[in-house]
Amino acid sequence: MSEPTTIRWEQDETGVVTLVLDDPNQSANTMNQAFKASITAIADRVEAEQDSIRGIVFTSAKKTFFAGGDLKEMIQAGPDDAQFVFEAGMGIKRALRRIETIGKPVVAAINGAALGGGYEIALACHHRIALDAPGSKIGLPEVTLGLLPAGGGVTRTVRLMGIADALLKVLLQGTQYSPARALENGLVHEVATTEKEMLAKARAFIDANPASQQPWDVKGYKIPGGTPSNPKFAANLPAFPANLRKQTAGAPYPAPRNILAAAVEGSQVDFETAQVIEARYFTELVTGAIAKNMMQAFFFDLQAVNAGRSRPQGVEPRPVRKVAVLGAGMMGAGIAYSCARAGMDVVLKDVTAEAAAKGKGYSENLCAKAVSRGRTTQEKADALLARITPTAEAADLAGCDAVIEAVFEDTALKHKVFQEIQDVVEPDALLCSNTSTLPITVLAEGVSRPDDFIGLHFFSPVDKMPLVEIIKGERTGDEALARAFDLVRQINKTPIVVNDSRGFFTSRVIGQFINEGVAMVGEGVDPVSVEQAAAQAGYPAKVLSLMDELTLTLPRKIRNETKRAVEEAGGTWAGHPSDTVIDRMVDEFGRTGRSGGAGFYDYDEDGRRTGLWPGLREHFTREDADVPFDDMKERMLFSEALDTVRCLEENVLTSVADANIGSIMGIGFPAWTGGALQYINGYEGGPAGFLARARELAERYGERFQPPALLVEKAERGEVFTDA
Ligand code: NAI
5 MSEPTTIRWE QDETGVVTLV LDDPNQSANT MNQAFKASIT AIADRVEAEQ
55 DSIRGIVFTS AKKTFFAGGD LKEMIQAGPD DAQFVFEAGM GIKRALRRIE
105 TIGKPVVAAI NGAALGGGYE IALACHHRIA LDAPGSKIGL PEVTLGLLPA
155 GGGVTRTVRL MGIADALLKV LLQGTQYSPA RALENGLVHE VATTEKEMLA
205 KARAFIDANP ASQQPWDVKG YKIPGGTPSN PKFAANLPAF PANLRKQTAG
255 APYPAPRNIL AAAVEGSQVD FETAQVIEAR YFTELVTGAI AKNMMQAFFF
305 DLQAVNAGRS RPQGVEPRPV RKVAVLGAGM MGAGIAYSCA RAGMDVVLKD
355 VTAEAAAKGK GYSENLCAKA VSRGRTTQEK ADALLARITP TAEAADLAGC
405 DAVIEAVFED TALKHKVFQE IQDVVEPDAL LCSNTSTLPI TVLAEGVSRP
455 DDFIGLHFFS PVDKMPLVEI IKGERTGDEA LARAFDLVRQ INKTPIVVND
505 SRGFFTSRVI GQFINEGVAM VGEGVDPVSV EQAAAQAGYP AKVLSLMDEL
555 TLTLPRKIRN ETKRAVEEAG GTWAGHPSDT VIDRMVDEFG RTGRSGGAGF
605 YDYDEDGRRT GLWPGLREHF TREDADVPFD DMKERMLFSE ALDTVRCLEE
655 NVLTSVADAN IGSIMGIGFP AWTGGALQYI NGYEGGPAGF LARARELAER
705 YGERFQPPAL LVEKAERGEV FTDA
C-alpha cells in the first residue's frame, strides 16, 4: 500500500474520517499522477479499516475544493499515450467507486470552487454541501476545453438528473453555477454560509444515515426520466444530434458529439460499463488536436495574459477608486456600468445633464434585469447605481484618478474634451481613450501629460465582451501601461497589449475576414455558401451579416485613409478584391448596411434581418464560380492568421498568448483553433503545413496569401509560435 501524498486522512474518535484534499506541491489540487496514487491508497485503507469507519467527509485545505484534471499532463498526451490516459482515468474512477460503495455515508463538504474533476469527486459522494464562498463555482466545464468529464461526470450526472437535464444543464454548455444556483438545479443538496456550518451539516448527514441502513443508492442508480430503451424517450432521441448541430453550426467541435454519445450509450448499460465508455470517448478527445488547441488558449494563454505577461514589472499596483467616463453614449454607458459593478465610483459626463442621465439609464436597465433574474439583490443593484454620478459639469470630475474617454470618433473633439478636464482630475490621473481607429500617438499630442495617455479599446456590448485591447502610444510610459492593465483586471476583463498602429490588432485583423467574405461574393460565389462557410469554419457571426452591422461605408473610409498613408510613405496601394463589391453595393444599389435599412441583407422596419438580398444572386452570383467549400473556409481563417503573423512581425503584437486570446475573445476567431497563431501551430503539418497551404491559396486567389517572412522562418526551423 503506497503512502497517500495528496490526501490527508484525519479520523476522529467517533469514527468519522475526513479526507483532506491537500496537494503539497501545488497551490490547487488536481487529478495528477500523485492524486491517482493517493486516492487508490485511500480506497485500500477505507476497505482495510472499514470496521472502524462510521462515515467519510471529503473536503479540502486549499481555497478551491479541487481544481480538476491536470491540464499540464493532459496537453502533453498524444495518440501514442491513449492507453496510458485511459488507464489513469479508470484508476481514479475505480478508487472513487470503491469508496462510494463501501457501505458508509460519504459526504462532500465543498469549501470552494469545484469544477470538472472537483465536482466529479463530489458526485461520487452520497451527499453534497456547498459553502457559499466568494467566487465559488460548481459544474463540469470540460466541454469548453474540448474535453468531456471523464472522472465519472457523464455517468453520474446522467444517473443523478436524467439524460436530458444532464446534457442541457451540465454537460453540453459547461455552465458554472454559483452555490445557490447549483442547489436550485440539483447539483448539490445543501448550501452552507460558513465553514463550520458546512462541516456540521456533513456530520449531521452521517448521523442521520447510519451505515447499517444505507439509504443511498450505490448499485446502478436508476436513471430519472428513462433511457433510450423506453419508447417514449427513444422517440425524442433523434432531436439531440440535430440540436447539437445547431449549437455548433457544423463547426468542428468534437467534444459535444462525444459527450452526447457517452451519455446516451452509457445510459443503456450498467454503471461500470458506462464508466468505460466515458473513458474511451474522453481518450479520443484528449489525444486529439482540438482539445489541445482549446486547452492552450482557454487555460494556458488566458492564464498568462491575465497574470500580467504583458504588464511592465516593478510598478506598484494602485487600484482605481474614482473614474471619469467622458461621453455617455453606447460605449461610455457600458464602460460606466462595468466600472461601477467592480466597485469604482464613476462620474459619467456628457454635454447635457439629460444625455448623461440617459447613459446612467443603461445601468439602471441592466440592474433591473439582473434583479428580476435573481442574479443580484436589490440592495447590491442600488449600491451599484449609487456609485454612478451623471453630470454635464467638468468640475464634478475632481478627485478622479482615471479618465476613460468615449466621445464621438473625432481627433479635434477628443483633444478638446481632454483639455477641458485634465486640470480638474487628479494631477497624475491615468488618461485613456476608447477610440476604435484613431492613432493613440496623435491623440496624446492633445494632452499635457502624453506619457500618462493610453488607448483602452473596449468591445460592444461592453458588459458582455470580456476583452479590452490596450494600445501603447509612442510616448506612453510603463507606469501608465501597468496602471491601464490593472484597471482592466480590476473590472474583471482580460487585457491584451498592443503597440499603436492603424486598426491596432483586432480591428485590422477582423477586416481581413470581412474583406475575404465580400471578395467571394465578387467572384460569383453564392452568398448563402459564403455565410455557411463562415459558420462552418466556426465563426460566431456570419461574414456578410457582420459587414452589414459595421456598415459598408466603414471599409471605404478605412481604405481611403490607408491608401493615403501608404502613398504618403512612398508605397503603392494594391487594394483588395472586395473593394469593387463594396463600391457597387453602396454607389450602384444604395445599400450601406443595417443602419441604412439595406445591405447584403434585407431588413424590416424594426431593423430585423429578413433574408439575404435577392439582388446579390442577380448581380454577382455566377454559375461558373469555382471556389471549393474548404477553400472558402480556409480563406477566411488564413487571411486572419496571416495578418496576425504580420502584426507580430511588425511588433504591433509582442505576445503569442495575447494574439490567441485577442483573436478569440475580441473578434470571434473560432475557438476550436485555439486562436489565430495556435491555428497555425495546430494545422496539419504544423507551421510548415500551413505555409505550404498558404502558398497554394496565394497562387489561386492572390498575393495577399503570400506568407510573411516570420512564418517562413518558423516553418523552416520547425518551430511553433510560442512565448516560451
Ligand atoms: P455614441 O455616439 O453612442 O456616443 C458618443 C457620446 O459622446 C454621445 O453621448 C455624445 O453626446 C457624447 N459627447 C460628444 N461630445 C462630448 C463632449 N464634448 N463631452 C462629453 N460627451 C460628449 O458613440 P459610441 O459608439 O459610444 O463610441 C464612442 C467612442 O468609442 C468612439 O471613439 C468610438 O470609435 C469608440 N468605440 C466604439 C465602438 C462601438 O462598437 N460603437 C467599439 C469600440 C470603440
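Numbering (my numbering), first residue to last: 5 to 728.
Beta carbons: idealized from backbone N, C-alpha and C, even for Gly.
Computed from a prediction, not measured in an experiment: that's the story for all the values here.
- In the displayed model, Asp349 falls within a strand according to three-state DSSP.
- By the neighbour-count definition (other C-beta atoms within 10 Å, threshold 16), Leu401 is a buried residue.
- Within the same chain, Thr22 come within 8 Å of Asp16 by CB-CB distance, once the 5 residues on both sides are set aside.
- Distance from the Cα of Glu527 is smallest, within the candidate group Glu282, Tyr705, Ala602 and His131, for Tyr705.
- Here DSSP, grouped into helix, strand and coil, assigns Val428 to coil.
- A straight line joining the alpha-carbon of Met334 with that of Gly363 spans about 8 Å.
- With a 10 Å radius around the Cβ and a threshold of 16 neighbouring Cβ atoms, Gly594 comes out exposed.
- When the alpha-carbon of Gly59 is set against those of Ala696, Gln218 and Cys343, the nearest one is in Gln218.
- The closest heavy atom of the ligand NAI lies less than 6 Å from the beta carbon of Leu330.
- Burial check for Arg721: the Cβ neighbour count within 10 Å stays below 16, so the residue is exposed.
- The way I'd put it, the region 302-317 does touch the region 656-669; three or more beta-carbon pairs between them come closer than 8 Å.
- Taking 7 Å as the cut-off, the Cβ atoms of Leu491 and Val324 count as close.
- Rounded to whole angstroms, Arg453 and Thr480 show a C-alpha spacing of 9 Å.
- The beta carbons of Phe69 and Asn115 sit closer together than 7 Å.
- Bridge pairing for Trp13: Leu23 [DSSP].
- In summary, Thr18 is exposed, with fewer than 16 beta-carbon neighbours lying within 10 Å of its beta-carbon over all protein chains present.
- DSSP places Cys371 in the helix class (H, G or I) of the three-state scheme.
- A straight-line Cα-Cα distance of about 17 Å links Glu409 and Tyr366.
- The alpha carbon of Arg613 has as its nearest neighbour, out of Gly600, Arg621, Phe624 and Leu714, the alpha carbon of Gly600.
- Val174 has its alpha-carbon roughly 19 Å from the corresponding atom of Phe237.
- Listed as beta-bridge partners of Asp606 by DSSP are Ala602 and Gly615.
- In this structure, Ala118 sits away from Ile133, with a CB-CB distance that is not shorter than 7 Å.
- CA-to-CA, the gap between Asp456 and Ala692 works out to about 42 Å.
- Rounded to whole angstroms, the separation of the alpha carbons of Arg512 and Leu435 is 24 Å.
- The region 569-587 makes contact with the region 517-531: 3 or more CB pairs, one atom from each, lie closer than 8 Å.
- In its chain, beyond the 5 residues on either side, Leu556, Thr557, Arg560 and Thr596 have a beta carbon closer than 8 Å to the beta carbon of Val590.
- Per DSSP, the unbroken beta strand (DSSP E) holding Ser64 starts and ends at Gly59 to Ser64.
- If you look at Phe457, you'll find it isn't in any alpha helix (DSSP H); it sits in the beta strand (DSSP E) that goes Phe457 to Phe462.
- By the CB criterion at 7 Å, Gly678 and Ala301 fall inside the cutoff.
- Within the region 68-95, the runs of alpha helix (DSSP H) at least 4 residues long that lie entirely inside it are, in chain order, 75-78.
- When C-alpha distances from Glu282 are compared across Leu151, Pro394 and Gln177, the shortest belongs to Leu151.
- Asp628 sits exposed, since fewer than 16 C-beta atoms from the chains shown fall within 10 Å of its C-beta.
- Between Leu203 and the set Leu135, Glu269, Ala266 and Ile668, the nearest pair of CA atoms involves Leu135.
- Placement of the Cβ of Val421 at a distance of less than 6 Å from at least one heavy atom of the ligand NAI is found.
- Assignment of Thr584 by DSSP, reduced to helix, strand and coil, places it in the helix class.
- The straight-line gap separating the alpha-carbon atoms of Val111 and Met94 is approximately 22 Å.
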